[in-house]
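Student: Be aware that the first sequence starts at 976, since it is given in this note's numbering, and climbs by one per residue.
Have a look at this one.
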Amino acid sequence: MEKDTFTVTAALPYANGPLHLGHIAGVYLPADIFVRFLRMKEHDVAFICGSDEHGAAITLRAKKEGISPQEIVDKYHDIIKNSFHQFHIDFDIFHRTSLPIHHETSADFFKTLEANGSFTKENSEQYYDEEYKQFLADRYITGTCPKCQNDNAYGDQCEKCGSDLSPTELIDPKSTLSGKTPILKATSHWYLPMNDHEEWLREWIQNGILDGEKQHDPKKWRNQVIGQCMSWINGGLKPRAMTRDLDWGVKVPLPDAEGKVLYVWLDAPIGYISATKQWAKDNNLDWKKFWCKKEAGNRKLIHFIGKDNIVFHAIIFPILLKSHGDFILPENVPAYEFLNLEGDKFSTSRNWAVWLHEYLAAYPNKVDELKYVLTSIAPESKDSEFTWKEYQQRINSELADVYGNFVNRTLVLSQKYYQGIVPQPLEFSSVDEDVMATIEKVPAKISALIYAYKIREAQSEMMQLARIGNKYLADQEPWKVIKTDPTRVQTVIYVALQITNMLSAVTMPFLSVKAKELQEMLQVNYTLWPESPLVLEAGHQLGTPKILFEKIEDELVMNEKAKLETTIEQTTKYPKMKDAINFDDFAKLDMRMGKIISAQKVEKADKLLHLIVDTGIDQRTIVSGIAEHFSPEEVIGKTVLVLLNLEPRKIRGVESQGMILMAENEDGKLSFLSAESGFGPGPSVG
RNA sequence: GGCGAGGUAGCUCAGUUGGUUAGAGCGCAGGAUUCAUAACCCUGAGGCCGAGAGUUCAAAUCUCUCUCUCGCUACCA
976 MEKDTFTVTA ALPYANGPLH LGHIAGVYLP ADIFVRFLRM KEHDVAFICG
1026 SDEHGAAITL RAKKEGISPQ EIVDKYHDII KNSFHQFHID FDIFHRTSLP
1076 IHHETSADFF KTLEANGSFT KENSEQYYDE EYKQFLADRY ITGTCPKCQN
1126 DNAYGDQCEK CGSDLSPTEL IDPKSTLSGK TPILKATSHW YLPMNDHEEW
1176 LREWIQNGIL DGEKQHDPKK WRNQVIGQCM SWINGGLKPR AMTRDLDWGV
1226 KVPLPDAEGK VLYVWLDAPI GYISATKQWA KDNNLDWKKF WCKKEAGNRK
1276 LIHFIGKDNI VFHAIIFPIL LKSHGDFILP ENVPAYEFLN LEGDKFSTSR
1326 NWAVWLHEYL AAYPNKVDEL KYVLTSIAPE SKDSEFTWKE YQQRINSELA
1376 DVYGNFVNRT LVLSQKYYQG IVPQPLEFSS VDEDVMATIE KVPAKISALI
1426 YAYKIREAQS EMMQLARIGN KYLADQEPWK VIKTDPTRVQ TVIYVALQIT
1476 NMLSAVTMPF LSVKAKELQE MLQVNYTLWP ESPLVLEAGH QLGTPKILFE
1526 KIEDELVMNE KAKLETTIEQ TTKYPKMKDA INFDDFAKLD MRMGKIISAQ
1576 KVEKADKLLH LIVDTGIDQR TIVSGIAEHF SPEEVIGKTV LVLLNLEPRK
1626 IRGVESQGMI LMAENEDGKL SFLSAESGFG PGPSVG
């Protein structure tokens, strides 16, 4: 039978920050184990990843730090690539989306879809800033509102009268970029009419049937993936714009599209394809073999992702691939839930994280130890949690005590009794035969689990083998029997060595470094997954035993926990000071004390309270986003700081005439501001 | 507010199409042992399976209501 072939991708990390353990546990490590396993099974596999370097978040950050987007992505691409390398997550290629081959590939992809009518093109006349040479998004245009004459209305909405506008309705429009009057120019945006694809998506996701043929087994897809997708589809898919007015990204490859780039979620997954192209080119392969229906046959495309990416990989990208026509669709999209850290979410902004590159710098020799821990707590079916205490416990009581100790005692006994030469077994007792039979079944057990993406359970089967070994030795007591029946010990040590041998082979996908060290100690070299019984022949000379896993001291746990506490203190919890303003700017603000005289929840909105505030000069309506922090009952009667002359704005159909000013601490908790002397409503602030 | 996924032992998690006494590892208690990394091995304690109602001879499992956690989404000037 022909072996299945695979193209495996791991979600492209976004190049505006380093990787933390959550990313590793929930995408890259399981993908790497899966691929190592497939390789040992001699499947033809391409393992593809790269950094995602486009999108608005990177341009905003660049602007804030006063450097170019390229500088940011260069920095993080290097950090990420390095840490993958040191952590032995071995992609065939770790590419990047800012390279020309990616731009070409994405542009070609786009052109094909445009040509075959997969997009709907919305033509319009849009304002264009001649000085900045770009089309202006609605929010980048201000002008006079045709309805209320407010001269500060935005292109999409007048915040004074609350009416929805289009930019062309504005009287005397101005570009917020150059301040000049923009000109109207014909332009288009391209939309993906996702609503046209609901029918086949439903059939494909629920039943695994694509173009009338069985493409995958939906039972192998995770619940949360199918659930999330069906939720989207049943809610009705909507056309989604595939182009943006931005200058950082893949340029829309058509005339009249100046200043437009492809939507980052269009170009990022195509990054898998362009990375494959580059890798194929470097290795004299045909990239189409990995992606195209014709050349790839029934190659399986697998996307390892986090749960926040489900919609893009299981709905949008498949629509694009299918619309293009040449490509295969994913056979599975194993999505992982999130990993938490010491009782709290990983948070980049609060620096609540264990960064992979920092871990590697501090513990360069503890790569497989971390891999083991992360795999045992991988969030396969629900969110899970990393704690340093558990890190220590797993390593000490499982890796060191069970696995390492078993290997050590077996090898030490072999040295002691047989000078490191595998002894000749004599008669097998029924226990021996049971154990031998059990060992032989382990590879098939583990492989079934990995094929089903149950990697955590697969690893625990590996550990189970070491447990069997410890029990076997304890039951047989060779150190006692040697005194009465030395020939029996030959068989016992032989069997124990067979367990160790098998262990060294099945550990490869999970802990490649340690597996090789163990194989070195056994003087064997396994690169293939054991299909038939592995035998360590009698007479084989073993290598020198050494300690495989060192224990983790309490000190490390304390230090790491302390480090988390202190970094969080050192992190600037609060935003930087804003640009200076002059006194006139300040004097424009009309702030007063106001008393909340009534409050109720806005319907169908989680965060909004509809307040009536007595300001001393009037009673006005203010809608405030504080419902998650305060109940209506507890805010009534409070005297608080109010900004009166903020332009009114309609929120959820209610016009809000001002703003309640709140203080927010680093945990996101809110507090009202009041006058210390207990003033009532009315007093002005300044 | 809408939708999705979860809630099982102190901790991390399994529980297939409803079917004996709900499982594993860690942790804890006791015992045994000394080849080995104060390791291993044995025994044990520990669960109203988030709450309530229903269907059934039988529910962790199916249905409904409620509640908590996470995510998507709307809305947070």
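Just so you know, even glycine gets a beta-carbon here, dropped at the ideal spot from N, CA and C.
1. Using a 10 Å radius around the Cβ and a threshold of 16 neighbouring Cβ atoms, would you call residue 1379 buried or exposed?
2. Quick one: which unbroken alpha helix (DSSP H) runs of 4-plus residues sit fully inside the segment 1443–1495? Chain order, please.
3. Between the C-alpha atoms of residue 1405 and residue 1200, what's the straight-line distance to the nearest angstrom?
4. When the Cα atoms are used, what is the spatial distance from residue 1057 to residue 1033?
5. Is it right to say residue 1579 is buried, meaning 16 or more other beta carbons lie within 10 angstroms of its own, or is it exposed?
6. Helix or strand or just coil, what does DSSP make of residue 1186?
7. So residue 1169 and residue 1502 are supposed to be a Cβ contact under 8 Å. How far apart are they, rounded?
8. Quick one, are the C-beta atoms of residue 982 and residue 1274 less than 8 Å apart?
9. Would you kindly report the start and end of the unbroken alpha helix (DSSP H) that includes residue 1053?
10. So for residue 1624, helix, strand or coil by DSSP?
11. Which ranges does the alpha helix (DSSP H) cover as unbroken runs of at least 4 residues, wholly within the segment 1525–1598, from first to last along the chain?
12. Which whole runs of the beta strand (DSSP E) in the segment 1298–1340 are 3 residues long or more, in chain order?
13. Per DSSP, which residues does residue 1166 bridge with? Please list them.
14. From residue 989 to residue 1278, what distance separates their C-alpha atoms?
15. Suppose contacts are defined by Cβ-Cβ distances below 8 Å. Is residue 1632 in contact with residue 1597 by that definition?
16. Can you tell me the Cα-Cα spacing of residue 1450 and residue 1067, whole angstroms?
17. Let's test the definition: count the other Cβ atoms within 10 Å of the Cβ of residue 997 and tell me whether it reaches 16, buried, or not, exposed.
18. If we ignore side chains and look at the alpha-carbon of each, how far apart do residue 1298 and residue 1087 end up?
19. Rounded to a whole number of angstroms, what is the C-alpha to C-alpha distance between residue 1137 and residue 1624?
20. Here's the rule I'm using: 16 or more other beta-carbon atoms within 10 Å means buried, otherwise exposed. How should residue 1465 be labelled?
21. Does DSSP classify residue 999 as helix, strand or coil?
22. Using three-state DSSP, classify residue 1410 as helix, strand or coil.
23. Got a sec? Which residues, its chain only, sit under 8 Å from residue 1493 by beta carbon, not counting five neighbours each side?
24. Going along the chain, which residues of its own chain have a beta-carbon closer than 7 Å to the beta-carbon of residue 1533, five neighbours each way excluded?
25. In whole angstroms, what separates the C-alpha of residue 1134 from that of residue 1622?
26. Taking the alpha-carbon of residue 1024 as reference, which of 1600, 1307, 1423 and 1243 has the nearest alpha-carbon?
27. Buried or exposed: where does residue 1098 fall if 16 or more other Cβ atoms within 10 Å of its Cβ makes it buried?
28. Where does residue 1653 land, buried or exposed, given buried means 16+ other C-beta within 10 angstroms?
29. In the structure shown, what three-state DSSP assignment does residue 1149 receive?
30. Spell out the partners DSSP gives residue 1236 in its beta bridges.
31. Between which two residues does the beta strand (DSSP E) carrying residue 1014 extend?
32. Would you check if the distance between the CB atom of residue 1727 and the CB atom of residue 1102 is smaller than 8 Å?
33. CA-CA distance, residue 1372 and residue 1525?
34. In three-state DSSP terms, what is residue 1368?
35. Looking at the secondary structure, which residues open and close the beta strand (DSSP E) in which residue 1359 lies?
36. What's the gap between the Cα of residue 1321 and the Cα of residue 1410?
Tutor: Working from what's here:
1. buried
2. 1453–1459 and 1461–1481
3. 47 Å
4. 20 Å
5. The residue is exposed, with fewer than 16 neighbouring Cβ atoms inside 10 Å.
6. coil
7. That belief does not hold up - the Cβ atoms of residue 1169 and residue 1502 are roughly 45 Å apart, past 8 Å.
8. A contact, by the Cβ cut-off of 8 Å.
9. 1044–1061
10. strand
11. If we require 4 residues or more, the alpha helix (DSSP H) runs fully inside the segment 1525–1598 come out as 1529–1545 and 1558–1562.
12. 1305–1307 and 1314–1316
13. 1095 and 1216
14. 16 Å
15. With a cutoff of 8 Å on beta-carbon distance, residue 1632 and residue 1597 are scored as near each other.
16. 46 Å
17. buried
18. 9 Å
19. Confidence at residue 1137 is low in this model, with a pLDDT of 42, below 50, so the placement of that residue should be treated as unreliable; the coordinate-derived value is given next. Their backbone Cα atoms lie some 5 Å apart in a straight line.
20. Buried, since its Cβ has 16 or more Cβ neighbours within 10 Å.
21. helix
22. Under the three-state reduction of DSSP, residue 1410 is assigned to helix.
23. 1382, 1475, 1478, 1479, 1482 and 1523
24. none
25. Low confidence applies to residue 1134: its pLDDT is 47, below 50, so where it sits in the model is not reliable, and the reading given next is rough at best. Those two C-alpha atoms are separated by around 6 Å.
26. 1243
27. Around the C-beta of residue 1098, fewer than 16 other C-beta atoms lie within 10 Å, and the residue is accordingly described as exposed.
28. With a threshold of 16 other beta carbon atoms within 10 Å, residue 1653 falls short and is exposed.
29. Three-state result, residue 1149: strand.
30. 1219 and 1226
31. Where residue 1014 is concerned, there is no enclosing beta strand (DSSP E), although the alpha helix (DSSP H) it sits in stretches over 1004–1015.
32. Nothing in the structure corresponds to residue 1727, since the chain is present only between 976 and 1661.
33. 11 Å
34. helix
35. Here the beta strand (DSSP E) through residue 1359 covers 1359–1361.
36. 44 Å
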